[in-house]
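Residue numbers (the working numbering), protein chains in the order written: chain A, 288 to 625; chain B, 288 to 625.
Only one structure is covered here, and it is reproduced in the block below.
2 protein chains.
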Amino acid sequence: MVRKSRSTGRITLDDVAQAAGVSRITASRALHGGRVVGAELVARVQEAATQLGYVPDPAARALASSRSTQVPILVPMLSNALFVDLLEAVHRVLYPAGFQPMIGVTHYDPAEEELLLRNYLAHRPAGLLVTGFDRTEAARQLIAGSGVPCVYLMETTDAPGVHCVGFSQSASGSAMTQHLLDRGYRRIAFAAAQLDPRTLQRAEGYRSALKAAGCYDARLELLSPERSSMALGGRLLEELVRTHPEVDAVFFNNDDLAHGGLLAAHRLGLGVPGRVAIAGFNDLAGSDQMVPALSTVHTPRLEIGEQGARMLLQLMNGQVPAQSSIELECRLVERQST
Amino acid sequence: MVRKSRSTGRITLDDVAQAAGVSRITASRALHGGRVVGAELVARVQEAATQLGYVPDPAARALASSRSTQVPILVPMLSNALFVDLLEAVHRVLYPAGFQPMIGVTHYDPAEEELLLRNYLAHRPAGLLVTGFDRTEAARQLIAGSGVPCVYLMETTDAPGVHCVGFSQSASGSAMTQHLLDRGYRRIAFAAAQLDPRTLQRAEGYRSALKAAGCYDARLELLSPERSSMALGGRLLEELVRTHPEVDAVFFNNDDLAHGGLLAAHRLGLGVPGRVAIAGFNDLAGSDQMVPALSTVHTPRLEIGEQGARMLLQLMNGQVPAQSSIELECRLVERQST
DNA sequence: CTGAAAGCGCTTACAG
DNA sequence: CTGAAAGCGCTTACAG
Numbered sequence: 288m289v290r291k292s293r294s295t296g297r298i299t300l301d302d303v304a305q306a307a308g309v310s311r312i313t314a315s316r317a318l319h320g321g322r323v324v325g326a327e328l329v330a331r332v333q334e335a336a337t338q339l340g341y342v343p344d345p346a347a348r349a350l351a352s353s354r355s356t357q358v359p360i361l362v363p364m365l366s367n368a369l370f371v372d373l374l375e376a377v378h379r380v381l382y383p384a385g386f387q388p389m390i391g392v393t394h395y396d397p398a399e400e401e402l403l404l405r406n407y408l409a410h411r412p413a414g415l416l417v418t419g420f421d422r423t424e425a426a427r428q429l430i431a432g433s434g435v436p437c438v439y440l441m442e443t444t445d446a447p448g449v450h451c452v453g454f455s456q457s458a459s460g461s462a463m464t465q466h467l468l469d470r471g472y473r474r475i476a477f478a479a480a481q482l483d484p485r486t487l488q489r490a491e492g493y494r495s496a497l498k499a500a501g502c503y504d505a506r507l508e509l510l511s512p513e514r515s516s517m518a519l520g521g522r523l524l525e526e527l528v529r530t531h532p533e534v535d536a537v538f539f540n541n542d543d544l545a546h547g548g549l550l551a552a553h554r555l556g557l558g559v560p561g562r563v564a565i566a567g568f569n570d571l572a573g574s575d576q577m578v579p580a581l582s583t584v585h586t587p588r589l590e591i592g593e594q595g596a597r598m599l600l601q602l603m604n605g606q607v608p609a610q611s612s613i614e615l616e617c618r619l620v621e622r623q624s625t
Numbered sequence: 288m289v290r291k292s293r294s295t296g297r298i299t300l301d302d303v304a305q306a307a308g309v310s311r312i313t314a315s316r317a318l319h320g321g322r323v324v325g326a327e328l329v330a331r332v333q334e335a336a337t338q339l340g341y342v343p344d345p346a347a348r349a350l351a352s353s354r355s356t357q358v359p360i361l362v363p364m365l366s367n368a369l370f371v372d373l374l375e376a377v378h379r380v381l382y383p384a385g386f387q388p389m390i391g392v393t394h395y396d397p398a399e400e401e402l403l404l405r406n407y408l409a410h411r412p413a414g415l416l417v418t419g420f421d422r423t424e425a426a427r428q429l430i431a432g433s434g435v436p437c438v439y440l441m442e443t444t445d446a447p448g449v450h451c452v453g454f455s456q457s458a459s460g461s462a463m464t465q466h467l468l469d470r471g472y473r474r475i476a477f478a479a480a481q482l483d484p485r486t487l488q489r490a491e492g493y494r495s496a497l498k499a500a501g502c503y504d505a506r507l508e509l510l511s512p513e514r515s516s517m518a519l520g521g522r523l524l525e526e527l528v529r530t531h532p533e534v535d536a537v538f539f540n541n542d543d544l545a546h547g548g549l550l551a552a553h554r555l556g557l558g559v560p561g562r563v564a565i566a567g568f569n570d571l572a573g574s575d576q577m578v579p580a581l582s583t584v585h586t587p588r589l590e591i592g593e594q595g596a597r598m599l600l601q602l603m604n605g606q607v608p609a610q611s612s613i614e615l616e617c618r619l620v621e622r623q624s625t
């Protein structure tokens, strides 16, 4: 057999078709559960395909059909375990359905997200999953102009035509603040990092709960633009008790900050929750292991990933999801640190 | 202008070529830093391309050239921060060089890795990055048969033709064990999870160091196949002090286990390091925040990612790296828990 | 240094 | 239900 000069040596659909004694097009249809092909032929083609170890070429398919099976999912940062969980849940739904999630990390930078979007969209993705609603105008237009089905994760909106799965950031911020109020704390601080849109929404929830209770004091809000970490949490706690010794509770915006805060309290010999109560957010791994165990808000990131992926699956199939906006519930986890 | 029926409405190279008044092929060359094209033409083509907002179609390019710019990188698990750091470092080198790292998570499962490999290799990747050497025979053959340049991360070997960047797992296991011996501990336990190949190599290093010192006791090795977590670390510590009260130090195979062990010691009222010393591995975020701060081994995952990516870049360019196997150093981090 | 032709491997209308 | 033709958007030899 003579190989043409540009041949890649790859097993192609033609090889399969030839082996099965049908035309290339029939082979193509047989392989995609084509309802229009005779059952016997389907079997013969599939047999030949496995026999030869045929693997379809995604590039050729994408080019011919002008769509791929890739699904970019853009998250802010993998060092936040929250997003690792989200990705895992998405993967569990999309991968078995024949789609390849492609992870993109924006580092909380809208410019970087825009660049990623531009690159990924060039791959004719089957669908798109992004985090939240805060992005550049150009990024917005890229998404809209691409015609690629998109589901927004983590936050929700009622805007028409937007598909999203998330939870109320501000309500969850209020809920923990209210819990602290209910436990009798009055000088409740809020310590946050990164200051991304969702963090600021939670701060808003904190504020409104305290204002409603007549306990709001702007000086107890400690907002740092640094990235979230245990070390930062420790520093924020130290700063709070030094500059505002009257503080009796600290609501940390993410569990890693709270872990750091809790350990810093140990180091300073401050009793928790006796001298200062400590609360976290997200219920990340290890929060139940802290001493004392950390009170926090459990966020439904696995459900968000799963339901978001399911919604996208429907959109990619041309179906209309029953709901275009799904708001899930958070769960207050009361442990010993408050 | 009449659109053909199957047109996708996309701006193509033909559009750019037409706008610049050259042929499609010249446009292609001009866009790829083609040295053979006149400087003036290059400028005209690039101008036209940006003018029209041309984005090359990766699928078409992959099909025509039989290679893409995708670089799959296969890691065991994202919930281990170690691999998040590794990915970040790889991304920082590959992305600016025009390659797209595609993250694949194997969940420490060789069968899953083989499946991922099969799928990713179909995409004609430009290069490949994998973790360690432990995989199915089929996976090995897939890699070899693909002809795709591959760099192995985390472990090293002298096998000819294999490109790798890592550190000596067993030596790092020995080093921490020796540190504990030097500090005067004699009943030193080893607590590990997951039991992946690298964990077992570190266990081997622990064993040989203790044997050399005449202190080895197999009953102090606690190997759990569960996945690593703070909660598991806590349980392992409890079990150790209950069944082997004479234990005076515990070397945890990963920092998250050590964090959990440290907190469990607090809970049980065991002084650290007075009653029992605790050491970790990897030097993950937060280890310096523990109370007492955790002694551990800092592993060079950022350097591994960076140098591994650079080595792959050379291979993808058809160059021969100066070294085919790079073994990096770990650094013992002595803090207060030992 | 530039271009006309052929081809990468698949799918989409269009016939039968 | 099956197939011959054309095409997706690009790059690779081959000429000039």
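We put the beta carbon where it would ideally sit given N, CA and C, even for glycine.
The structure displayed is predicted, hence computed values, not measured ones.
So residue i and residue j are supposed to be a Cβ contact under 8 Å. How far apart are they, rounded?
i                      : j                      : result
residue 508 of chain B : residue 477 of chain B : 5 Å
residue 361 of chain A : residue 391 of chain A : 4 Å
residue 583 of chain A : residue 559 of chain A : 14 Å between Cβ atoms; not a contact.
residue 613 of chain B : residue 373 of chain B : Not a contact, Cβ separation roughly 14 Å.
residue 489 of chain B : residue 568 of chain B : 7 Å
residue 311 of chain B : residue 301 of chain B : 5 Å
residue 581 of chain B : residue 624 of chain B : 5 Å
residue 638 of chain A : residue 398 of chain A : Residue 638 of chain A lies beyond the residue range present for chain A, which begins at 288 and ends at 625; the question has no answer from this structure.
residue 449 of chain A : residue 412 of chain A : Their Cβ separation, rounded to whole angstroms, is 18 Å, which puts residue 449 of chain A and residue 412 of chain A out of contact at 8 Å.
Tell me, please, which residues DSSP counts as bridged to residue i.
i                      : result
residue 342 of chain B : None, per the DSSP bridge assignment.
residue 509 of chain A : A:478
residue 388 of chain B : B:358
residue 618 of chain A : A:585
residue 612 of chain B : B:451
residue 415 of chain A : A:437
residue 536 of chain B : B:475, B:564
If you draw a straight line from the alpha carbon of residue i to that of residue j, how long is it in whole angstroms?
i                      : j                      : result
residue 549 of chain B : residue 487 of chain A : 34 Å
residue 593 of chain B : residue 376 of chain B : 5 Å
residue 384 of chain A : residue 601 of chain A : 11 Å
residue 472 of chain A : residue 564 of chain A : 8 Å
residue 626 of chain A : residue 479 of chain B : Residue 626 of chain A lies beyond the residue range present for chain A, which begins at 288 and ends at 625; the question has no answer from this structure.
residue 418 of chain A : residue 363 of chain A : 7 Å
residue 330 of chain B : residue 330 of chain A : 55 Å
residue 474 of chain A : residue 505 of chain A : 11 Å
residue 297 of chain B : residue 347 of chain B : 12 Å
residue 530 of chain B : residue 498 of chain B : 22 Å
residue 570 of chain B : residue 461 of chain B : 16 Å
residue 290 of chain A : residue 434 of chain B : Reliability fails at residue 290 of chain A, whose pLDDT of 37 lies under 50, so the model's placement of it is uncertain and no value is given.
residue 520 of chain A : residue 547 of chain A : 5 Å
residue 616 of chain A : residue 443 of chain A : 12 Å
residue 597 of chain B : residue 420 of chain B : 20 Å
residue 425 of chain B : residue 337 of chain A : 15 Å
residue 304 of chain A : residue 408 of chain A : 32 Å
residue 606 of chain A : residue 342 of chain A : 29 Å
residue 492 of chain B : residue 481 of chain B : 17 Å
residue 552 of chain B : residue 389 of chain A : 41 Å
residue 332 of chain A : residue 354 of chain B : 28 Å
residue 576 of chain A : residue 543 of chain B : 11 Å
residue 495 of chain B : residue 611 of chain B : 28 Å
residue 608 of chain B : residue 307 of chain B : 40 Å
Margin query: Closer than 9 Å between beta carbons: that is the criterion. Which residues of the segment 527–559 of chain A meet it against chain B?
Written below: 543, 546, 547, 550, 551, 553, 554
Check: Which runs of the alpha helix (DSSP H) fall wholly inside the segment 438–509 of chain A and span at least 4 residues, in chain order?
Finding: 456–469, 484–499
Checklist line | Complete alpha helix (DSSP H) runs within the segment 538–599 of chain A (minimum length 4 residues, chain order) | finding: 542–555
Next item on the list: Taking only beta carbons into account, state which residues of the segment 373–399 of chain B come closer than 8 Å to chain A, listed in chain order.
Entry: 374, 375, 378, 387, 389, 390, 392
Next item on the list: Give the residues from the segment 516–527 of chain B that approach chain A closer than 7 Å (Cβ to any Cβ), ordered along the chain.
Entry: 516, 517, 518, 521
Next item on the list: Scan the segment 429–443 of chain A for residues whose Cβ lies nearer than 7 Å to a Cβ of chain B and list them as they occur along the chain.
Entry: none
Checklist line | Segments assigned alpha helix (DSSP H), at least 4 residues, entirely inside the segment 293–332 of chain A | finding: 300–307, 311–318
Margin query: Along the segment 559–574 of chain A, where does the CB come closer than 7 Å to a CB of chain B? Name the residues.
Written below: 572, 573
Notebook entry, point to check: Taking Cβ-Cβ distances below 7 Å as the criterion, which residues of the segment 458–483 of chain B are in contact with chain A?
Noted result: none
Item checked: Within 9 Å of chain B by C-beta, residues of the segment 581–613 of chain A in sequence order -> none
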